[in-house]
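**Student:** Here's a structure for you.
Residue numbers (my numbering): 14 to 162.
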């Protein structure tokens with residue numbers, strides 16, 4: 014809900030969550046579930062990369078190890094974002110937007126080129142758009158807005 018209060022100089026709009034402190038709004042829960050789903054897929058990809066690194070000979074070991082490390086960092090980071098959504102941390106909106114924009118970029122790349130995979134493109138694009146929409150719904154904004162004082 015949006016309330017107006019007088020801060021001594023002028024009227025200020027404040028976002029205040031509607032629900033009780035212990036309850037999560039359904040939009041917040043769905044947002045966290047989608048982000049956890051993305052994190053789970055990254056951990057699956059990490060497992061696959063580790064398995065491939067151990068069983069196959071890559072063309073470049075440094076590149077294979079770097080890709081594996083970056084996937085591990087991304088998986089952990091997205092999981093941290095998911096946990097922080099449920100903790101109603103204000104910084105998650107920026108972090109989630111950055112991750113979704115990166116994911117949309119990969120999705121767009123999956124729709125074009127010699128090795129185009131539209132199925133993977135849609136699989137990446139759908140949750141990214143859903144997260145971006147949910148991030149800017151009023152209940153999620155209210156739950157993740159920093160309250161001064």
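The beta carbon of each residue, even a glycine, is placed where N, CA and C say it ideally should be. The model shown is predicted, which means the values in this text are computed figures rather than measured ones.
Could you compute how far the alpha carbon of residue 62 sits from the alpha carbon of residue 52?
**Tutor:** Going by the C-alpha atoms only, they are around 15 Å apart.
**Student:** Determine the contact status of residue 40 and residue 140, defining contact as a CB-CB distance below 8 Å.
**Tutor:** No, these two residues do not count as a Cβ contact at 8 Å.
**Student:** Count the other CB atoms within 10 Å of the CB of residue 123; is the residue buried (16 or more) or exposed (fewer)?
**Tutor:** Residue 123 comes out buried.
**Student:** Can you give me the Cβ contacts of residue 156 inside the same chain, cut-off strictly under 7 Å, excluding the 5 residues immediately before and after it?
**Tutor:** Cβ neighbours of residue 156 beyond the five flanking positions: 30, 38, 41, 101.
**Student:** Classify residue 160 as helix, strand or coil using the three-state DSSP reduction.
**Tutor:** Coil, per DSSP.
**Student:** Pick helix, strand or coil for residue 73, following the three-state DSSP scheme.
**Tutor:** Coil.
**Student:** In the structure shown, what three-state DSSP assignment does residue 127 receive?
**Tutor:** Residue 127: coil per DSSP, three-state reduction.
**Student:** Report back the beta-carbon spacing between residue 48 and residue 91 to the nearest angstrom; my notes put them in contact at under 8 Å.
**Tutor:** About 6 Å separates the two Cβ atoms, so the contact holds.
**Student:** In angstroms, rounded to a whole number, what distance separates the CA positions of residue 106 and residue 76?
**Tutor:** Taking the straight line from one Cα to the other gives about 31 Å.
**Student:** Counting only the same chain and skipping the five closest in sequence on each side, list residues whose C-beta sits under 6 Å from that of residue 97.
**Tutor:** Excluding sequence neighbours, residue 97 sits near 105.
**Student:** Using only CA atoms, which one of 89, 86, 134, 146 lies nearest to residue 116?
**Tutor:** Per the Cα distances, 134.
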